[in-house]
Amino acid sequence: MRGFTVLLVVSLFVIPSVLSAQQQPPIEPGARVRVTAPDCGLEQQAGTLEPSRGDSLVLGTMKCPLSSVTRLDMSRGQRRNTVKGVELGLFVGSVTGGVVGALTYDTESCNWQAICASTVGGGTQRTLIGVGIGAGIGVAAGAIVGALIKIERWEEVPLDPLRVSFAPQREGQIAFRLSVSF
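Numbering (the working numbering), first residue to last: 2 to 183.
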């Protein structure tokens, strides 16, 4: 009875994990994918998945056994980088504007008497004005550039932990491949 209990407990943990590993999201031909398969010379190679047999993957004109694939990502579309562009533009514009404002302060040729009353106060105010102007220009430029640049979002597709494939070789031989991932 004790052996049966151990077998039951083990099977409750192993069987669901094996079943979940077999349920992959379907990738249809025509989907945009990114493949890493060092044996086939593919290192994060992006392209359109072509129709193929179940034991190989065809990306454009390149055919690769599934057992050689170490990573597979599927495209989830593109998105714009407007927010990142605004953030970067704000930072670069503020710093640049502050530096330019501080460097352009000259007490001898200053036409603004209220600002020029004190060297420290005038320099600080010029720096703050430069920061404000630079930040405004940086935010506008960053938003425009960020909206124009799109990046592709990728989602990793889980691969089977145990993959077996057969590939025809020269002289009528058949190659057997076994791949186990941990």
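No residue lacks a Cβ here, since even glycine has one placed at the ideal position from N, Cα and C.
Run the CB neighbour count on residue i, radius 10 Å, all protein chains shown included, and call it buried at 16 or more, exposed below.
| i | result |
| --- | --- |
| G61 | exposed |
| P66 | buried |
| R127 | buried |
| V36 | buried |
| V184 | Missing from the structure shown is residue 184; the chain here goes from 2 to 183 and no further. |
| L149 | exposed |
| G102 | buried |
| L104 | exposed |
| G42 | exposed |
| G173 | exposed |
| I16 | Note that I16 scores 48 on pLDDT, short of 50, meaning its location in the model is unreliable; the coordinates nonetheless yield the value given after this. Exposed. |
| L13 | Annotation note: pLDDT 49 at L13 (below 50); position unreliable, coordinate value reported separately. Exposed, because fewer than 16 other Cβ atoms sit within 10 Å of the Cβ of L13. |
| S119 | Only weak support exists for where S119 lies, its pLDDT of 48 falling under 50; the coordinates are left without a value. |
Could you give the first and the last residue of the continuous alpha helix (DSSP H) run that contains residue i?
| i | result |
| --- | --- |
| A103 | 83-104 |
Could you check how far apart the C-beta atoms of residue i and residue j are, in whole angstroms? I think they sit under 8 Å.
| i | j | result |
| --- | --- | --- |
| V87 | A144 | 5 Å |
| E156 | R77 | 5 Å |
| V140 | G90 | 5 Å |
For a quick check, are the C-beta atoms of residue i and residue j less than 9 Å apart?
| i | j | result |
| --- | --- | --- |
| G98 | G135 | yes |
| R72 | L129 | no |
| V70 | G48 | no |
| Q45 | M63 | no |
| L58 | G31 | no |
| Q79 | E29 | no |
| D74 | V158 | yes |
Along the beta strand (DSSP E) that carries residue i, what are the first and last residues, could you check?
| i | result |
| --- | --- |
| R154 | 151-157 |
| R35 | 33-38 |
- Task: Starting from the N-terminal side, write out each stretch of the beta strand (DSSP E) that is 3 residues or longer and does not extend beyond the segment 47-76.
- Result: Entirely contained in the segment 47-76, the beta strand (DSSP E) runs reaching 3 residues are, in chain order, 57-60, 63-66.
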